[in-house]
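I have placed the structure first, in the form of C-alpha cells, so that the comments after it can refer back to it.
4 protein chains.
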Amino acid sequence: MRIQIDVAMQYRFTRPNTIFLTIEAAKCAGQTVTYENLYVGDIPINRIAGDSGVGQRVWAQVPWNELSMSYKAQVDVTRQPVALERLSAVPVHLIPAEVAPYLRPSRYCQSDKFGAFVEKRFGNLQGGQKVAAMRSWIEANLTYVPGSSDADTNVLETFAGRQGVCRDYAHLMCTMVRAAQIPARMVAAYSPDIMPPDFHAIAEVWLDGDWHMVDATGMCSADSTAIIAVGRDAYDIAFLDSQVPAEMLYQSVFVTRI
Amino acid sequence: MRIQIDVAMQYRFTRPNTIFLTIEAAKCAGQTVTYENLYVGDIPINRIAGDSGVGQRVWAQVPWNELSMSYKAQVDVTRQPVALERLSAVPVHLIPAEVAPYLRPSRYCQSDKFGAFVEKRFGNLQGGQKVAAMRSWIEANLTYVPGSSDADTNVLETFAGRQGVCRDYAHLMCTMVRAAQIPARMVAAYSPDIMPPDFHAIAEVWLDGDWHMVDATGMCSADSTAIIAVGRDAYDIAFLDSQVPAEMLYQSVFVTRI
Amino acid sequence: MRIQIDVAMQYRFTRPNTIFLTIEAAKCAGQTVTYENLYVGDIPINRIAGDSGVGQRVWAQVPWNELSMSYKAQVDVTRQPVALERLSAVPVHLIPAEVAPYLRPSRYCQSDKFGAFVEKRFGNLQGGQKVAAMRSWIEANLTYVPGSSDADTNVLETFAGRQGVCRDYAHLMCTMVRAAQIPARMVAAYSPDIMPPDFHAIAEVWLDGDWHMVDATGMCSADSTAIIAVGRDAYDIAFLDSQVPAEMLYQSVFVTRI
Amino acid sequence: MRIQIDVAMQYRFTRPNTIFLTIEAAKCAGQTVTYENLYVGDIPINRIAGDSGVGQRVWAQVPWNELSMSYKAQVDVTRQPVALERLSAVPVHLIPAEVAPYLRPSRYCQSDKFGAFVEKRFGNLQGGQKVAAMRSWIEANLTYVPGSSDADTNVLETFAGRQGVCRDYAHLMCTMVRAAQIPARMVAAYSPDIMPPDFHAIAEVWLDGDWHMVDATGMCSADSTAIIAVGRDAYDIAFLDSQVPAEMLYQSVFVTRI
C-alpha cells in the first residue's frame with residue numbers, strides 16, 4: 001500500500017540551539033520510500049542512523065529562536081500483517097546481543113514491576129498467543145482519552161489510570177511483553193488511520209526471530225504503517241528533542257492512502 | 001472476644017534521639033483495654049492522642065544508642081463484624097470535616113490516579129457493595145508474599161506488582177475506596193490470626209456514618225482485632241519512627257485469644 | 001492591613017457532580033473577615049470546617065455541567081511578620097497531637113528522603129535560624145517559572161528541577177522543614193503581592209508553640225496575607241476538587257490593598 | 001597494571017530458569033585479558049556481545065534451583081588516567097548514532113528533570129571542566145553509606161537523599177552529564193581499590209570523541225580498573241539478571257594488583 005505523508009510544524013525556542021528531529025520515514029524492510037523531502041530552511045543539518053540502525057535522525061542547528069519545518073514523503077508499505085498467535089517466542093538464551101536491551105526496563109516502562117501480574121494473567125499462554133492476549137487486554141482495559149497523559153506519564157500511572165493516548169498504549173504493551181521475557185520496543189510511525197491525524201506510537205515485539213508490529217490501540221495495521229524510528233520508549237523516539245524549552249506554534253500531520 | 005498482646009523489641013540507633021512509638025492498643029469504641037503495661041525502661045516519655053483522636057502515641061527520649069521495649073496488654077474486643085454489602089455510602093456533600101481528609105491521596109496512596117479504573121471496574125456498584133467488591137478484587141488479584149515490598153513501596157507499584165504484605169493490601173484498599181469518593185483510612189492493629197505473628201495493617205472505610213474495618217488479606221476479623229492507631233497511610237501509623245537510622249536487634253509480636 | 005478579594009471563575013464538568021471549594025478566607029487568629037460573599041448560584045451547599053479547624057470549605061452540588069462562581073471579601077490582616085531567626089523549635093517530645101501529622105511526608109512531599117541533605121546543609125543551625133536558612137536556600141536555588149510544573153509535580157522533581165511556582169516553593173519548604181523534625185504545613189492564601197494575581201500557596205512552620213508563615217518565593221508578607229486553608233500539601237488545599245474532569249473556562253483572582 | 005579477579009557466588013532460585021550473567025572482563029581498548037576462567041558447572045551457556053559491543057554476556061540455563069559460579073581472570077590494564085579538564089565536549093550535532101542514546105534518560109536516571117539545576121550550577125563551564133566540576137560536586141555532596149539504597153533507588157531519590165553506594169554515584173554522574181548534553185553511560189567494572197571488595201559501578205563520559213572513565217566516589221582509577229560492561233544505567237549492567245526471584249547464598253569478589 002502506498003501512503004503519502006505531509007508534515008508541517010513551526011516551533012519557537014527560548015534560544016538558538018541544536019535540535020534532534022526524528023520525522024523521516026525509515027528505509028527498512030517492509031517499506032520503500034519512493035519520494036521524500038525534508039525542509040528545515042537554510043540551516044546546517046547532520047544525519048545519523050537511528051537506534052538499532054533503524055531509520056535516520058537529523059541534528060539541526062537552529063540559529064534563531066524559531067523554526068519552520070516540513071516533511072513530505074511517499075512510502076510503499078509492503079509488509080504484511082501477521083497473525084501474532086502463530087508466532088513463537090525465541091527461548092531467551094538465544095536472544096542476540098542487538099535485541100537483548102529490549103528485554104529491560106526504561107525511563108517510562110518499569111517492566112521490572114510487572115512480573116507477577118503478567119505471570120498471573122498470561123502465564124498459561126506462550127509466545128505470540130501471550131502477546132496477542134496482552135494486546136487484547138490493553139485494548140479492553142484502557143480508554144483512549146486525548147489529553148489524559150503528558151510527556152511525563154510513566155507506565156505505572158498508565159496501568160493504574162486505565163487511560164491514555166498511543167504512547168501510553170505502546171508503553172504498556174512493551175512493558176507487559178518485556179515482563180514476560182519477550183523483547184519489545186517502541187516504534188514511531190506514520191499511519192493513515194490515526195484520528196485525529198498525528199505522529200503515532202506503536203510497539204514491536206520480537207517473535208520467531210524478527211520484529212512484528214503490534215498496535216494496542218487497534219487503530220492501525222502493519223500494511224499501511226510506515227516506521228520512522230525505534231527505541232526503548234517514548235523518549236527514544238520523540239519527533240523533536242530540543243535543548244531548551246520549545247513552544248509549538250503550529251503542527252499538522254497528514255497521512256493518506258494514495 | 002478477649003485477646004492478649006505481648007510485644008518485645010530491641011533497637012539500636014546511630015545516636016540518642018527521640019522516638020515515636022505507636023504500639024499501645026487504643027481505648028476506643030469496640031474495644032476495652034483491661035490491662036496494659038508499656039515498658040521502655042527509665043527514660044522520659046510523653047503521651048499524645050493519635051491522629052483523628054484514635055488511641056495514643058508515645059514520644060520517648062532515648063538517651064542511649066539502644067533501647068529494649070515491651071508492651072503487654074489484654075483487650076476485650078466487643079465490635080461485631082458487619083456485612084459491608086448492607087452499608088450505604090454517605091453522599092459526599094454530607095462528609096464531615098474530620099472525615100474529609102480521608103478522601104484524599106497520601107504519601108503511598110496516589111488515589112488521584114485510580115479514578116478511571118475504579119469507575120470502569122466498580123462503577124455499577126454502590127456504597128458497601130462497591131467496597132466489598134473491591135475487597136474481593138484485591139484478595140483475588142494480589143498474592144501475599146513476605147519480603148516482596150519494603151517501607152518505600154507505593155500503591156502504584158503494588159497495583160502493578162500484584163503482590164505485597166498487609167500494608168500493601170491496605171494501601172490498595174484505601175486507594176480504590178478513596179478513588180470512588182468514599183473515605184478510607186489506614187489502621188494499625190493487633191490480631192491473633194496473623195501468620196507469621198506481627199503488627200498488622202488493615203483499612204477502615206466510612207459507610208453509613210461510621211468507620212468499618214476491612215481486611216483485604218482476609219486474615220483477620222473485626223471481632224478479634226484491636227486497633228492501635230489510624231492515619232492516611234502506612235507512614236502515619238508506623239509502630240516506630242525514629243529520627244536516625246534504626247537497626248532491629250530483636251522483635252516479637254504475639255497475640256492470642258484468651 | 002485591609003485587603004479586598006475578588007475571585008470569579010467558570011468551570012465546565014464532564015457531568016453533574018459535587019465539588020469541594022476551598023476559596024473562602026478563614027476566620028482565624030491574625031485576620032478578620034469584615035465582609036464576604038460567596039456566589040455559586042442557586043445550588044445546594046454544605047460548609048464544613050477546614051483541616052486542623054482552619055477556615056471552612058464548601059461542598060457544592062452542581063446539577064449542571066457548568067458552574068459560575070464568585071467570591072468577594074474584605075479582610076483585616078492584623079498578624080505581624082515575625083523574625084524567624086528569633087524563634088525556637090519545640091523539642092519533638094513536646095509536639096502535641098494536632099501538630100504531629102505535620103512532621104510526616106505526604107502525597108507530594110517525600111520528606112523522608114531529605115534527612116541527609118538537611119542534616120548536611122543545615123545541621124549546624126537550630127530552630128528558626130534553620131528555617132530561615134532553608135527559606136533563603138530555596139529562594140536562591142529555585143527559579144520561579146510559570147508553567148514549569150503541573151498538579152502532578154512532586155518535591156523530588158522540584159528539588160532536581162530547581163524551578164516551579166508557589167506550590168513547588170511551598171512543597172520544598174515544608175519538605176525540608178519536616179526533614180529537620182520541625183512541623184510544617186501548606187497554606188492556601190490570598191495576597192495582594194502575587195504577580196500575576198492568583199491563588200497563592202505558602203508554608204507555615206511550627207516554632208515556639210505557634211504557626212508562622214514562610215513564603216519561600218519572597219513575594220508576600222504575613223501582614224497582608226489572608227489564609228484560606230491549611231493541609232499537608234497542595235492536594236489538601238486545592239481551591240477546587242471535583243469528582244470528574246473539570247475544564248477552566250474563566251478564572252480571575254484579584255487581591256488589592258484598600 | 002595487572003590485576004587479578006576472583007569471584008565466587010552461589011544463588012538459589014525459586015525455580016529453574018535462564019539467567020543473564022555480566023561478570024566477564026571485557027576484551028576492549030585499554031585492557032587485555034591474559035587469563036580467564038568462568039565456571040558455572042555443566043550447564044548450557046550462550047555468549048553474546050554486550051551493549052554497544054563492549055564485553056560479552058552469558059545466557060546460562062540453570063536446570064536446578066541453585067547455582068554455584070566462579071570467575072577468575074587476570075587483566076592487564078593499559079589505559080592511562082586522563083585529565084578531564086583538558087578534554088572538550090563534542091558539539092551535539094556531531095554526536096554519532098552509536099553514542100546518541102547515551103544523551104537520554106533511562107530507568108533510574110531521569111536526566112530530563114535536571115536541566116535547570118545543571119545550567120545554574122555548571123552553566124559557565126564547558127566540556128571536561130564541566131564534567132570535572134560535576135564529579136567534584138557529587139563527591140562533596142554525597143556520602144557513601146552502604147545499605148542506604150537498594151536496586152529500586154532512582155536518581156531523584158539519590159539527589160535528594162545525598163547518600164548512596166557506587167551505583168548511585170554513577171547514576172547521578174550520568175544524569176548530570178546527560179542533562180548538560182554530553183553523552184554518559186554506566187560501566188560495570190572490577191577495581192582493586194573498592195572497600196569492601198565488590199562489583200563496582202562507575203560512569204564513562206564521551207569527550208573529544210572517546211569514552212573516558214569517571215568515578216564520582218573517588219575510589220578507583222582508570223589505570224587499575226577493568227571494564228565488564230556498559231549500558232544506560234544499573235539495570236543494563238546488572239551482574240546477574242534472573243527470571244525468577246534469586247536469593248544470594250554466598251558471594252565474594254576479590255580484586256588485587258599483581
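Protein chains in written order, with the UniProt record's numbering: chain A, 1 to 258; chain B, 1 to 258; chain C, 1 to 258; chain D, 1 to 258. Even for Gly, the Cβ is constructed at its ideal location relative to N, Cα and C.
* Within 7 Å of chain C by C-beta, residues of the region 216-241 of chain B in sequence order -> Within the region 216-241 of chain B, the residues whose Cβ lies closer than 7 Å to some Cβ of chain C are Y235 and D236, listed in chain order.
* Asked: For A158/B, which of G115/A, Y169/A, P197/A and R104/A has the nearest alpha-carbon?
  -> Position 158 of the second sequence, counting from 1, holds the residue named residue 158/B. Per the sequence shown, the amino acid found at residue 158/B is Thr instead of Ala. T158/B has its Cα closest to that of G115/A, out of G115/A, Y169/A, P197/A and R104/A.
* May I have the straight-line CA-CA distance separating L38/A from N141/C, to the nearest angstrom? => The residue given as residue 38/A occupies position 38 in the first sequence. The residue given as residue 141/C occupies position 141 in the third sequence. Looking at the two C-alpha atoms, the distance is approximately 42 Å.
* **Within-8 Å CB hit, N141/A to chain D** => For this step, residue 141/A is matched to residue 141 along the first sequence. No, N141/A lies away from the interface with chain D (no Cβ there is under 8 Å from its Cβ).
* To do: Output yes if chain D places a C-beta closer than 8 Å to the C-beta of E204/C; else output no.
  => Along the third sequence, one-based indexing puts residue 204/C at 204. Closer than 8 Å: no.
* To do: Determine the chain B residues that contact Q80/A at a beta-carbon separation under 8 Å, and present them in chain order.
  => Taking the first residue of the first sequence as position 1, residue 80/A is located at position 80. Going along chain B, no residue has its Cβ under 8 Å from Q80/A, so there is no contact; the nearest lies around 34 Å.
* Asked: Taking the beta strand (DSSP E) that I45/D falls in, what are its first and last residues?
  -> On the fourth sequence, residue 45/D is found 45 positions in, with the first residue counted as 1. Its beta strand (DSSP E) spans residues I45 to A49.
* To do: Starting from F13/A, follow the beta strand (DSSP E) in both directions and report where the run begins and ends.
  => Numbered from 1 along the first sequence, position 13 holds the residue referred to as residue 13/A. Residues R2 to F13.
* With 8 Å set as the bound, which would you pick, yes or no: does the beta-carbon of G128/A sit closer than that to a beta-carbon of chain B? -> Indexing the first sequence from 1 puts residue 128/A at position 128. It does not; no Cβ of chain B falls within 8 Å.
* To do: For Q243/B, go through chain C and note every residue whose CB falls closer than 7 Å to its CB, in chain order.
  => What you label residue 243/B is simply residue 243 of the second sequence in a count that begins at 1. Within chain C, the residues near Q243/B are Q181.
* CB of A226/B within 8 Å of CB of A25/B, strictly -> Position 226 of the second sequence holds residue 226/B. Position 25 of the second sequence holds residue 25/B. It is a contact, given that the beta carbons lie within the stated cut-off.
* Asked: Under the rule that 16 or more other beta-carbon atoms within 10 Å means buried, what is I228/A, buried or exposed?
  -> Position 228 of the first sequence, counting from 1, holds the residue named residue 228/A. That one is buried.
* **For Q80/A and C174/C, the rounded distance between their alpha carbons** => What you label residue 174/C is simply residue 174 of the third sequence in a count that begins at 1. What you label residue 80/A is simply residue 80 of the first sequence in a count that begins at 1. Spanning the two alpha carbons is a distance of roughly 57 Å.
* What are the boundary residues of the beta strand (DSSP E) that includes Q181/D? -> The residue given as residue 181/D occupies position 181 in the fourth sequence. DSSP places Q181/D in no beta strand (DSSP E); its state is neither H nor E.
* Can you give me the start and stop residues for the beta strand (DSSP E) that S252/B sits inside? => Stepping through the second sequence from its first residue, residue 252/B is reached at position 252. Counting along the chain, the beta strand (DSSP E) containing S252/B begins and ends at A246 to R257.
* Where does V165/B fall in DSSP's three states? -> Start at 1 with the first residue of the second sequence, and residue 165/B comes out as number 165. Here V165/B sits in coil by DSSP.
* To do: List the endpoints of the continuous alpha helix (DSSP H) containing W137/C.
  => Counting from 1 along the third sequence, the entry for residue 137/C is found at position 137. Here the alpha helix (DSSP H) through W137/C covers G127 to N141.
* Asked: In the DSSP assignment, what are the bridge partners of K72/A?
  -> Taking the first sequence and counting its residues from 1, one reaches residue 72/A at position 72. Per DSSP, D6/A and N37/A.
* **Three-pair Cβ contact test at 8 Å for the region 84-92 of chain A versus the region 198-214 of chain A** => At 8 Å Cβ cutoff, the stretches touch.
* To do: Determine the closest residue to L21/B out of Q243/B, F239/B and P197/B, with distance taken between C-alpha atoms.
  => On the second sequence, position 21 is the one that residue 21/B refers to. Distance from the Cα of L21/B is smallest, within the candidate group Q243/B, F239/B and P197/B, for F239/B.
* Asked: Roughly how many angstroms separate the alpha carbons of Q31/A and T78/A, rounded to a whole number?
  -> Here residue 31/A refers to the residue found at position 31 when the first sequence is read from its first residue. Here residue 78/A refers to the residue found at position 78 when the first sequence is read from its first residue. Linking Q31/A to T78/A through their CA atoms gives a straight-line distance of about 5 Å.
* Asked: Measuring CA to CA, which of Q61/C, R57/C, T34/C and Y35/C is closest to V244/C?
  -> Residue mapping note: residue 244/C aligns to position 244 of the third sequence, counting from 1. Checking every option, the nearest Cα to that of V244/C belongs to Q61/C.
* Hey, does S88/D have any beta-carbon neighbour from chain A nearer than 8 Å? -> The residue you call residue 88/D lines up with position 88 of the fourth sequence. Chain A places no beta carbon closer than 8 Å to that of S88/D, leaving this residue out of the contacts.
* Status (buried if at least 16 other CB within 10 Å, exposed otherwise) for E204/A -> Here residue 204/A is taken as the residue at index 204 of the first sequence, counted from 1. Its Cβ being crowded by 16 or more others within 10 Å, E204/A is buried.
* **Pick from R162/D, I5/D, A83/D and P101/D that is closest to residue 265/D, judged by C-alpha positions** => In the structure as shown, chain D begins at 1 and stops at 258. Residue 265/D is therefore absent and cannot be evaluated.
* What is the rounded straight-line gap between the Cα of Q126/C and the Cα of Y169/C? -> Numbered from 1 along the third sequence, position 126 holds the residue referred to as residue 126/C. Numbered from 1 along the third sequence, position 169 holds the residue referred to as residue 169/C. Those two C-alpha atoms are separated by around 21 Å.
* Asked: Listing by chain order, which chain C residues have their CB less than 7 Å from the CB of F122/D?
  -> Reading the fourth sequence from its first residue, position 122 is the one you call residue 122/D. Think of a sphere of 7 Å around the beta carbon of F122/D: no beta carbon from chain C falls inside it, the nearest being about 12 Å out.
* Asked: So which residues on chain C does L67/D lean against when the C-beta distance must stay under 8 Å?
  -> As a first step, residue 67/D must be located in the fourth sequence, where it is residue number 67. Simply none; closest approach about 36 Å.
* Determine whether the Cβ of Q163/C lies closer than 8 Å to any Cβ atom of chain D. => Your numbering for residue 163/C matches position 163 in the third sequence. Closer than 8 Å to some Cβ of chain D, the Cβ of Q163/C qualifies, so yes.
* Does the count of Cβ pairs from the region 46-58 of chain B and the region 69-77 of chain B closer than 8 Å reach three? -> In this structure the region 46-58 of chain B does not touch the region 69-77 of chain B; the number of beta carbon pairs closer than 8 Å is below three.
* Whose C-beta lies closer than 7 Å to the C-beta of P192/A among residues of the same chain, with five residues either side of it excluded? -> Residue mapping note: residue 192/A aligns to position 192 of the first sequence, counting from 1. The beta carbon of P192/A sits closer than 7 Å to those of I3, S224, V255, T256 and R257, all from its chain and outside the five residues before and after it, given in chain order.
* Asked: S106/C: buried (16+ other C-beta within 10 angstroms of its C-beta) or exposed?
  -> If you number the third sequence from 1, residue 106/C lands on position 106. With 16 or more other CB atoms across the displayed protein chains lying within 10 angstroms of its CB, S106/C is buried.
* Should A29/A be labelled buried (16 or more other beta-carbon atoms within 10 Å of its own) or exposed? -> By 1-based counting over the first sequence, the position of residue 29/A is 29. Exposed: under 16 other Cβ atoms inside 10 Å.
* If we call anything under 8 Å between Cβ atoms a contact, is A49/C one with A49/B? -> Numbered from 1 along the third sequence, position 49 holds the residue referred to as residue 49/C. Numbered from 1 along the second sequence, position 49 holds the residue referred to as residue 49/B. Not closer than 8 Å, so no.
* **Contact set for D236/D: own chain, Cβ-Cβ below 7 Å, skip 5 residues either direction** => Sequence index remark: in the fourth sequence, residue 236/D carries index 236 (1-based). So the list reads D51 and M186, once near-sequence residues are dropped.
* Asked: Tell me which same chain residues have a C-beta within less than 6 Å of the C-beta of R47/B, skipping the five on either side of it?
  -> As a first step, residue 47/B must be located in the second sequence, where it is residue number 47. Within its own chain, the residues whose Cβ lies closer than 6 Å to the Cβ of R47/B, once the five positions on either side in sequence are excluded, are Q56 and V58, listed in chain order.
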